[in-house]
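35 is the number of the first residue of the sequence shown in this note's numbering; add one for each residue after it. Where is the CB? At the ideal position from N, CA and C, for every residue including glycine. These notes concern the structure reproduced below.
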Amino acid sequence: MNALTPKRWAASMAAQPGASLMRILSLPAFAILLAIPASAQRPEVSARDRAAHERMIVLDTHLDTPSRFDDGRWDFSVRHRYDEDGSQVDLPRMAAGGLDGGFFVIYTAQGDLGPAGYALARDAALVRAAAIHRVIGENRAALGLALTAADAERLHRAGKRIAFISMENSWPLGEDLTLLGTFHSLGVRMAGPVHSRTNQLADSATGEARWRGLSPLGRQWVAEMNRLGMVIDGSHSSDAVFDQMLELSSAPIVLSHSGPSAIFAHRRNLDDGRMRRLARAGGVMFMNSIFLVQHDGSPERDAINERRERWGELDSAGRRRLLADAAALDAQRPYTTADFELFMRSLLHAVSVMGADHVGLGADWDGGGGVIGMEDVAALPRISARLRREGMREGDIAKIMGGNLLRVLRRAEAAAAR
Ligand SMILES: [Zn+2]
């Protein structure tokens, strides 16, 4: 989930390509690519690319699609269109894009700290968890719940899509960390302490620095996450929280949907030094497709997005009106000017800084992600094809597309067993 106010967007500064980016640009493959005309640069996915993509386990760490699941009206088994209802993930498009699965998110937008707020958040998160299980159950022939890396491999062998569950924002735990065990028993295997505002556990990257990092309860949360074998997610955490979680955690931590601040200087992104320390600790940055440029986060944009989410309830006149209003807003102020090339530059920068063992995919699908030329998950084969054209080895491509996620899951499982 992106959920940033226009003011925060406005506070962001356009990024200058950093030194590491210049290193990538000096790579021979990239130089050749820049020398050929733009029309020929459009990454084509050959039959060989497609076959290789299908063989890999392709996973994304941040699928916000469950925000559409609660009322049971949006059908995950049917192909939808991004330009109509704004959605980016469903079973037909996962098949089209060779996306084997990923983490389906229990997202809770930060509200009041205190008993009443905690109870509301807990109940909303439990409802969302139930909705995810309902959707998995309704699609059991095509999709299965994964609790471990081995589950994911078993589902892949059986030709099924893989549904892990994660929590974005641990506000719903209130001050009762035994609830983490409850969510673990509901299948949650990854969680981040905080979202876009500081809460009882940690300072947010985009919130006030109340705790100078983790709160005392947040430190206990890290230990409990390790004990249960759940992967700690530092996306949305402040830099101080990231530093403290890296130090405290007995298993590698991840960033489920973040990017390099060398590409775009935004508080949600990470500097090269922290990226290197993440890699040294065995962690992975899963590449976000937002925070690559300043996005339109205006109230007008929010209103269009809310109308899109009710696409299924609109009559044909209502749909025509929505598409016309959306086109008018896009013409005046596009949601994003980031394109596939910029997404790849961000990913390749992360590879140049951390190495292929520490980069993955977490594009914030259905949470504000997507770029021009990669509007939904059907476009994912472009990424692996492009990495091949960059001269990357097959083994490294497979790690980025999903293998690194399975490795960190295994490390978390092993840390819990100790
Ligand atoms: Zn998010």
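### Residues near A432 by beta carbon distance below 6 Å, same chain, minus five either side
By one-based count along the sequence shown, residue 432 stands at place 398. Contacts found: M90.
#### Entry: F198 versus G293, E187, S204, residue with shortest Cα-Cα distance
The residue given as residue 198 occupies position 164 in the sequence shown. Checked all of G293, E187, S204; the closest Cα to F198 is E187.
### Length-filtered (3 minimum) beta strand (DSSP E) runs lying within the region 112-150
Taken in chain order, the unbroken stretches of beta strand (DSSP E) that lie wholly in the region 112-150 and span 3 residues or more are 135-141.
### Message
I'd like to know if the region 342-354 and the region 319-327 are in contact, where contact means that at least 3 CB-CB pairs between them fall below 8 Å.
### Response
Taking 8 Å as the limit for Cβ pairs, the verdict is that the region 319-327 does not touch the region 342-354.
### Query
Where do the N-terminal and C-terminal ends of the beta strand (DSSP E) with T95 fall, by residue?
Position 61 of the sequence shown, counted from the first residue, corresponds to residue 95. Where T95 is concerned, the enclosing beta strand (DSSP E) stretches over 93-97.
#### Entry: A337, DSSP secondary structure in three states
Translated into the one-based positions of the sequence shown, residue 337 becomes position 303. Helix.
### Task
Spatial neighbours of R113 within its chain, please: CB distance less than 7 Å, with the 5 preceding and 5 following residues excluded, ordered by chain position.
Locating residue 113 in the sequence shown gives position 79, where the first residue counts as 1. Counting only Cβ-Cβ distances below 7 Å, and skipping sequence neighbours, we find D124, P126, R127.
### Message
What does the alpha-carbon distance come out to for the pair A362 and I338?
### Response
As a first step, residue 362 is located in the sequence shown; it is residue number 328 there, counting from the start. As a first step, residue 338 is located in the sequence shown; it is residue number 304 there, counting from the start. Cα to Cα, the separation comes out at about 11 Å.
### Task
Assign Q50 to buried or exposed, taking buried as 16 or more other Cβ atoms, counted over all protein chains shown, within 10 Å of its Cβ.
Position 16 of the sequence shown, counted from the first residue, corresponds to residue 50. Annotation note: pLDDT 35 at Q50 (below 50); position unreliable, coordinate value reported separately. So Q50 ends up on the exposed side.
### Query
Along the chain, which unbroken stretches of the alpha helix (DSSP H) at least 4 residues long are found entirely within the region 298-355?
Annotation note: the region 298-355 contains the following uninterrupted alpha helix (DSSP H) runs of length 4 or greater, listed N- to C-terminal: 306-314, 333-343.
### Query
Apart from the five residues just before and just after V169, which ones in its own chain have a Cβ nearer than 7 Å to its Cβ?
On the sequence shown, position 135 is the one that residue 169 refers to. Excluding positions up to five away in sequence, the list reads F103, F110.
#### Entry: Inter-residue spacing [alpha-carbon to alpha-carbon] between L55 and L304
Along the sequence shown, one-based indexing puts residue 55 at 21. Along the sequence shown, one-based indexing puts residue 304 at 270. Note that L55 scores 43 on pLDDT, short of 50, meaning its location in the model is unreliable; the coordinates nonetheless yield the value given after this. Separation of L55 and L304 (C-alpha to C-alpha, rounded to the nearest whole angstrom) is 14 Å.
#### Entry: G394 and L160 closer than 9 Å at C-beta
Reading the sequence shown from its first residue, position 360 is the one you call residue 394. Reading the sequence shown from its first residue, position 126 is the one you call residue 160. Cβ atoms of G394 and L160: not closer than 9 Å.
### Query
Rounded to a whole number of angstroms, what is the C-alpha to C-alpha distance between S249 and R191?
Walking along the sequence shown from the start, residue 249 turns up at place 215. Walking along the sequence shown from the start, residue 191 turns up at place 157. The alpha-carbon atoms of S249 and R191 are separated by roughly 43 Å.
### Task
Could you check the C-alpha separation between M309 and A358 for me, to the nearest Å?
Stepping through the sequence shown from its first residue, residue 309 is reached at position 275. Stepping through the sequence shown from its first residue, residue 358 is reached at position 324. If you draw a straight line from the Cα of M309 to the Cα of A358, it is about 42 Å long.
#### Entry: N-terminal and C-terminal residue of the beta strand (DSSP E) that F103 is part of
For the purposes of this step, residue 103 is taken as the residue at position 69 of the sequence shown. Neither: F103 is in no beta strand (DSSP E) and is coded neither H nor E.
### Query
Span of the beta strand (DSSP E) holding M224?
On the sequence shown, residue 224 is found 190 positions in, with the first residue counted as 1. If you look at M224, you'll find it in the beta strand (DSSP E) that goes 222-226.
### Query
Between V228, V275, V222, which lies nearest to I166 when the distance is taken from Cα to Cα?
Here residue 166 refers to the residue found at position 132 of the sequence shown. Minimum Cα distance to I166 is reached at V222.
### Message
Can you tell me where the beta strand (DSSP E) holding I417 begins and where it ends?
### Response
Stepping through the sequence shown from its first residue, residue 417 is reached at position 383. No beta strand (DSSP E) contains I417, which is instead part of the alpha helix (DSSP H) from 415-423.
### Query
Nearest-angstrom Cα distance between Y116 and A451?
As a working note, residue 116 is residue 82 in the sequence shown. As a working note, residue 451 is residue 417 in the sequence shown. C-alpha separation (whole angstroms): 42 Å.
#### Entry: Contacts around A153, its chain only, beta-carbon distance under 6 Å, and the 5 residues preceding and following it disregarded
Counting from one through the sequence shown, the residue named residue 153 turns up at place 119. None.
### Query
Alpha carbon to alpha carbon, how far is R246 from M259?
Reading the sequence shown from its first residue, position 212 is the one you call residue 246. Reading the sequence shown from its first residue, position 225 is the one you call residue 259. In this structure, the alpha-carbon of R246 lies about 21 Å from that of M259.
### Query
Going by alpha carbons, who is nearest to A243 out of T232, M224, R253, L251?
For the purposes of this step, residue 243 is taken as residue 209 along the sequence shown, with counting starting at 1. Residue T232 holds the alpha-carbon nearest to the alpha-carbon of A243 among T232, M224, R253, L251.
### Query
Pairing CB atoms from the region 396-404 with CB atoms from the region 280-298, are three or more of them under 8 Å?
These segments touch.
### Message
Need the endpoints of the alpha helix (DSSP H) that R231 sits in, please.
### Response
In the sequence shown, counting from the first residue as 1, residue 231 sits at position 197. From DSSP, R231 is part of no alpha helix (DSSP H); its letter is neither H nor E.
### Query
With burial defined as no fewer than 16 other Cβ atoms inside 10 Å of the residue's Cβ, what is the status of Q366: buried or exposed?
Within the sequence shown, numbered from 1, the residue matching residue 366 stands at position 332. Label assigned to Q366: exposed.
### Message
What would DSSP say about R82, mapped onto helix, strand or coil?
### Response
For the purposes of this step, residue 82 is identified with residue 48 of the sequence shown, where counting begins at 1. R82: helix per DSSP, three-state reduction.
### Task
Per DSSP, which residues does R408 bridge with? Please list them.
Translated into the one-based positions of the sequence shown, residue 408 becomes position 374. With the sequence shown as reference, residue 408 is identified as Met, and Arg is not the correct amino acid for it. M408 pairs with V405.
### Message
I need the boundaries of the alpha helix (DSSP H) containing F198, first residue and last residue.
### Response
The residue labelled residue 198 in the question sits at position 164 within the sequence shown. Counting along the chain, F198 falls outside any alpha helix (DSSP H), though it belongs to the beta strand (DSSP E) covering 195-202.
### Task
In angstroms with no decimal places, state the Cα-to-Cα distance between A449 and I287.
By one-based count along the sequence shown, residue 449 stands at place 415. By one-based count along the sequence shown, residue 287 stands at place 253. Going from the Cα of A449 to the Cα of I287 covers about 12 Å.
### Message
Tell me the rounded alpha-carbon separation between F217 and A184.
### Response
In the sequence shown, counting from the first residue as 1, residue 217 sits at position 183. In the sequence shown, counting from the first residue as 1, residue 184 sits at position 150. For F217 and A184, the distance between alpha carbons rounds to 20 Å.
### Query
Given 8 Å as the limit, is there contact between the region 369-380 and the region 324-334, that is, 3 or more CB pairs closer than that?
Judged by Cβ distances under 8 Å, the region 369-380 makes contact with the region 324-334, as three or more pairs qualify.
#### Entry: Alpha carbon of M426 to alpha carbon of A85, nearest angstrom
If you number the sequence shown from 1, residue 426 lands on position 392. If you number the sequence shown from 1, residue 85 lands on position 51. The C-alpha of A85 is placed about 16 Å away from the C-alpha of M426.
### Query
Got a sec? Which residues, its chain only, sit under 6 Å from L421 by beta carbon, not counting five neighbours each side?
On the sequence shown, position 387 is the one that residue 421 refers to. Spatial neighbours of L421 in its own chain (CB-CB distance under 6 Å, excluding positions within 5 residues in sequence) are listed in chain order as I431.
### Query
For G193, is the classification buried or exposed, using 16 other Cβ atoms within 10 angstroms of its Cβ as the cut-off for buried?
The residue labelled residue 193 in the question sits at position 159 within the sequence shown. Exposed, by the Cβ-count rule.
### Task
With DSSP as the reference, label R168 as helix, strand or coil.
Position 134 of the sequence shown, counted from the start, is the residue given in the question as residue 168. R168: helix per DSSP, three-state reduction.
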